[in-house]
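> Numbering (my numbering), first residue to last: 6 to 571.
Glycine residues also receive a C-beta, built at the ideal position from the N, C-alpha and C atoms.
It should be emphasised that the depicted structure is a prediction, and the values quoted were computed from it without experimental measurement.
Provided herewith is a single structure, encoded as structure tokens, for subsequent inquiry.
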Amino acid sequence: MPSSAAPAAGLRILLVASAYNSLTQRVDAELTDRGHTVASHVMSDDDALRTAIERHLPHLIVAPMLKTALPEDVWASRVCLIVHPGPVGDRGPSSLDWAITEGADRWGVTVLQAAREFDAGDVWASVECPLPRVAKSDLYRGEIADAALAAVHLAVERFALRTYVPEPLESALAARAGTAAVTGGLRPYLRQHIRSIDWALDSTEIVLRKLRAADSFPGVLDELDGREFFLYGGHEEDELRGRPGELLARRAGAVCRATADGAVWLTQLRPRRTPGGPATYKVPATLALGPAAKRLPEVPAPLSAGPGTWTDIRYRERGSVGYLHFSFPSGGMATAQCARLLSAYEHAWSRPTDVLVLGGTRDFFSNGIHLGVIEAAPSPADESWRNINAMNDLVHAVLTTTDKVTVAALGGNAAAGGVMLALAADEVWAREGVVLNPHYRKMGLTGSEYWTYTLPLRTGVEQARSLLTEARPVSARRARELGLVDYVIPASPDAFTGEVEAVAERMAGSPELADWLRGKADHRAKHEEARPLAAYRENELAKMRQTFYDPGAEYHRLRYAFMRKL
Numbered sequence: 006m007p008s009s010a011a012p013a014a015g016l017r018i019l020l021v022a023s024a025y026n027s028l029t030q031r032v033d034a035e036l037t038d039r040g041h042t043v044a045s046h047v048m049s050d051d052d053a054l055r056t057a058i059e060r061h062l063p064h065l066i067v068a069p070m071l072k073t074a075l076p077e078d079v080w081a082s083r084v085c086l087i088v089h090p091g092p093v094g095d096r097g098p099s100s101l102d103w104a105i106t107e108g109a110d111r112w113g114v115t116v117l118q119a120a121r122e123f124d125a126g127d128v129w130a131s132v133e134c135p136l137p138r139v140a141k142s143d144l145y146r147g148e149i150a151d152a153a154l155a156a157v158h159l160a161v162e163r164f165a166l167r168t169y170v171p172e173p174l175e176s177a178l179a180a181r182a183g184t185a186a187v188t189g190g191l192r193p194y195l196r197q198h199i200r201s202i203d204w205a206l207d208s209t210e211i212v213l214r215k216l217r218a219a220d221s222f223p224g225v226l227d228e229l230d231g232r233e234f235f236l237y238g239g240h241e242e243d244e245l246r247g248r249p250g251e252l253l254a255r256r257a258g259a260v261c262r263a264t265a266d267g268a269v270w271l272t273q274l275r276p277r278r279t280p281g282g283p284a285t286y287k288v289p290a291t292l293a294l295g296p297a298a299k300r301l302p303e304v305p306a307p308l309s310a311g312p313g314t315w316t317d318i319r320y321r322e323r324g325s326v327g328y329l330h331f332s333f334p335s336g337g338m339a340t341a342q343c344a345r346l347l348s349a350y351e352h353a354w355s356r357p358t359d360v361l362v363l364g365g366t367r368d369f370f371s372n373g374i375h376l377g378v379i380e381a382a383p384s385p386a387d388e389s390w391r392n393i394n395a396m397n398d399l400v401h402a403v404l405t406t407t408d409k410v411t412v413a414a415l416g417g418n419a420a421a422g423g424v425m426l427a428l429a430a431d432e433v434w435a436r437e438g439v440v441l442n443p444h445y446r447k448m449g450l451t452g453s454e455y456w457t458y459t460l461p462l463r464t465g466v467e468q469a470r471s472l473l474t475e476a477r478p479v480s481a482r483r484a485r486e487l488g489l490v491d492y493v494i495p496a497s498p499d500a501f502t503g504e505v506e507a508v509a510e511r512m513a514g515s516p517e518l519a520d521w522l523r524g525k526a527d528h529r530a531k532h533e534e535a536r537p538l539a540a541y542r543e544n545e546l547a548k549m550r551q552t553f554y555d556p557g558a559e560y561h562r563l564r565y566a567f568m569r570k571l
């Protein structure tokens, strides 16, 4: 039990994590929403953790993502809950990787009490979830995160009762024997020799599993153009074929590679780190390959491409609603991606529709400018400047659309300029479970994308200032209370698109739509007369330019460290 009695509600909770990642942010935001006082500590060494405990005096410690063991004097003196991305009985550091590699249809998340043996403590809560055929990082932010939050909330509620006795792991497994419950066992670390792809023998299905299981980290180590890279992505190609292992084409920054019976698209590559060399980071595959990629034929996909054709931007219509779907790896939007999305938006705007939905797919909406492409550029300052102007051009197009109702549909997280892109739309809809980071501070930037116009308009000046300076993650429900989000959609990641369609088509059929559009045009005209959008842009970009071209600005140090996970 904890070292001090815990109240029935309003616990002091210390989150301990190896990184303040998406799951840790969501746990932080949602526990705060429930009235708990939450502090976060990124694990560096045991003494720093002890100092954090002395400072915050937590009733409970929760570890949403921890790669190292807690010191015994910590877990022996207070309840420490470990969130493990596997079902009851699953143990090991590669839980989700194994599940995807072996083609599991269902999985789970278990909250265990920290003990001497990894992942073997008493069970406080366990929640199952489906495993659709998507990349590990997408699952981790989607179905796994949903199950994790359900399990964390249940475990915290049980802890607050002060009467709940957690279930020993052996008993929990015995209780599930003979049932349909998903259980697991001890699994080793999934090493590269198991992940490696045999392009001559492995079917497309096997290649996709291996790539999806290694997505985000660690990637699949392989050789391309005589160099070693970690491969990321994994999207099936529907038409192109070639000699197994051969690079066939390029599209939207990705390259297509032939498998034994088909082909797959690789979206990002990370060069293997050389002994003694600096840490490496992911960039679009064509950028990593350089001249070798330029020799490949470019095979663009039409905007109207069906679901069987991989592309990062597509447009479709249902009745009087247009849907402009986009999905960029890691949520970053480089200069070229912004330009292509702007071109697609202009096409969508030209169509005879009344409602235009942006996004609406699972996983990231947008995280703003692409820090990886910027870091890899010959002049990061110049690329930063090009990228922020391209983002602003896109946001301006959305802000000045007065003959359609625009909707930003966030099926996944958004941050910085990605949040401001969403705020340019008339309506912002977010899946329950989405986390917003509406700030730039942690990258040493003042921000642009017309935020000085749109953010105070939605939240008020004081709340806008607070969001930017506190730099805290915001849950979808809290965002609704603040005015950042208009509608929270309680749906699974896979069901989100269908729910968005249903709401958008009801909106398009509303008899009030014509009046709404007239009011929108009048509103924009009055705001333009009071202060033109160009003035907001000029003021924001003057500050951003000063930062970009200052070699001593924190932005450059923070970007360098962020890309290399230092």
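For residue 475, does the count of other Cβ atoms within 10 angstroms reach 16, so buried, or fall short, so exposed?
Exposed.
> Answer with buried or exposed for residue 64, where buried requires no fewer than 16 other C-beta atoms within 10 angstroms of its C-beta.
With 16 or more other Cβ atoms within 10 Å, it is buried.
> Can you give me the C-alpha to C-alpha distance between residue 117 and residue 85, rounded to a whole angstrom?
Distance between the alpha carbons of residue 117 and residue 85: 8 angstroms.
> For a test of the three-state rule: what should DSSP assign to residue 455, helix, strand or coil?
Correct three-state label for residue 455: coil.
> Could you tell me if residue 18 is buried or exposed, where buried requires 16 or more neighbouring beta carbons within 10 angstroms of its beta carbon?
Under this definition residue 18 is a buried residue.
> What residue does the beta strand (DSSP E) around residue 239 start on, and which one ends it?
Residues 232-241.
> Do you know whose CA, among 496, 479, 544, 387, lies nearest residue 454's CA?
Selected option, being the one with the closest Cα: 544.
> For residue 7, which residues from the same chain have a beta carbon less than 7 angstroms from its beta carbon, with the 5 sequence-adjacent residues on both sides left out?
Interpretation of residue 7 is limited by its pLDDT of 39, a score under 50 that renders its predicted location unreliable; no figure is taken from the coordinates.
> Can you tell me where the beta strand (DSSP E) holding residue 494 begins and where it ends?
492-494 is the extent of the beta strand (DSSP E) around residue 494.
> How would you call residue 330, buried or exposed, if buried means at least 16 neighbouring beta carbons within 10 angstroms?
Residue 330 comes out buried.
> Would you list the residues sitting across from residue 371 in a DSSP beta bridge?
BP columns for residue 371 point to 419.
> Does the separation of the CB atoms of residue 264 and residue 209 fall below 9 angstroms?
Yes, Cβ-Cβ distance for residue 264 and residue 209 is below 9 angstroms.
> Touch check for the region 409-420 and the region 428-448: three-plus C-beta pairs under 8 angstroms?
The region 409-420 is in contact with the region 428-448.
> Quick check: what's the CA-CA separation for residue 26 versus residue 382?
Between residue 26 and residue 382, the C-alpha separation is close to 26 angstroms.
> If you follow the beta strand (DSSP E) that residue 226 is in, where does it begin and where does it stop?
225-229 is the span of the beta strand (DSSP E), which, as asked, contains residue 226.
> Over what stretch of residues does the beta strand (DSSP E) that includes residue 331 continue unbroken?
First-last of the beta strand (DSSP E) with residue 331: 326-331.
> Is the region 143-152 touching the region 181-201 in the sense that three or more CB pairs, one from each, lie closer than 8 angstroms?
The region 181-201 is not in contact with the region 143-152.
> Give the single residue among 128, 239, 261 whose Cα lies nearest to the Cα of residue 248.
That would be 261, whose Cα lies nearest to the Cα of residue 248.
> Determine, using beta carbons only, whether residue 16 and residue 29 come nearer to each other than 9 angstroms.
Cβ distance not < 9 angstroms, so residue 16 and residue 29 don't count as in contact.
> Can you tell me whether residue 56 is buried or exposed? The criterion is at least 16 other CB atoms within 10 Å of its CB, across all chains shown.
Looking at its Cβ environment, which holds fewer than 16 other Cβ atoms inside 10 Å, residue 56 is exposed.
> Between the beta-carbon of residue 241 and the beta-carbon of residue 315, is there less than 9 angstroms?
Contact flag set, yes.
> Assuming residue 362 contacts residue 328 under a Cβ cut-off of 8 angstroms, what Cβ separation, rounded to an integer in Å, is found between them?
Residue 362 to residue 328, Cβ: 5 angstroms. Contact.
> Measure how close the beta-carbons of residue 452 and residue 370 come, nearest whole angstrom, since I'm counting them as under 8 angstroms.
Actually they are not in contact, since the Cβ atoms of residue 452 and residue 370 sit about 17 angstroms apart, beyond 8 angstroms.
> Could you give the distance in angstroms between the alpha-carbon of residue 394 and the alpha-carbon of residue 472?
Each residue's alpha carbon lies about 23 angstroms from the other.
> Looking only at its own chain, which residues have a Cβ that is under 6 angstroms from the Cβ of residue 200, when we skip the five neighbours before and after it?
So the qualifying residues of the chain are 215, 219, 225.
> Let me know the secondary structure DSSP gives residue 604 once reduced to three states.
Because residue 604 is not part of the residues shown, which for the chain are 6 to 571, the question remains open.
> Rounded to whole angstroms, what's the CA-CA distance from residue 367 to residue 333? Just pull it up for me.
Spanning the two alpha carbons is a distance of roughly 11 angstroms.
> Under 7 angstroms Cβ to Cβ from residue 132, same chain only, skipping five residues before and after it: list those, please.
Cβ neighbours of residue 132 beyond the five flanking positions: 113, 114, 152, 155, 156.
> Pull up the distance between the alpha-carbon of residue 9 and that of residue 559, whole angstroms please.
Note that residue 9 has pLDDT 44, beneath the 50 cutoff, so the model's placement of it is unreliable and the number below is only indicative. So the alpha carbons of these two residues sit roughly 41 angstroms apart.
> What does DSSP give as the partner residue(s) for residue 322 in the beta ladder?
Note: residue 322 sits in a beta bridge opposite 327.
> Going along the chain, which residues of its own chain have a beta-carbon closer than 6 angstroms to the beta-carbon of residue 461, five neighbours each way excluded?
If we look at residue 461 and ignore the five residues flanking it on each side, its Cβ neighbours are 469.
> So, at 7 angstroms on beta carbons, what are the nonlocal neighbours of residue 230 in its own chain, with the 5 sequence-adjacent residues on each side left out?
The residues are 294, 297.
> Can you give the beta carbon distance from residue 93 to residue 177, rounded, assuming they're within the 8 angstroms contact cut?
Residue 93 to residue 177, Cβ: 5 angstroms. Contact.
> If we ignore side chains and look at the alpha-carbon of each, how far apart do residue 521 and residue 109 end up?
The alpha-carbon atoms of residue 521 and residue 109 are separated by roughly 48 angstroms.
> Quick one: Cα of residue 164 to Cα of residue 486, how far?
Rounded to the nearest angstrom, the two C-alpha atoms are 28 angstroms apart.
> Among the candidates 385, 35, 343, 123, whose CA atom is the shortest distance from the CA of residue 161?
Comparing Cα-Cα distances from residue 161 to each of 385, 35, 343, 123, the minimum goes to 35.
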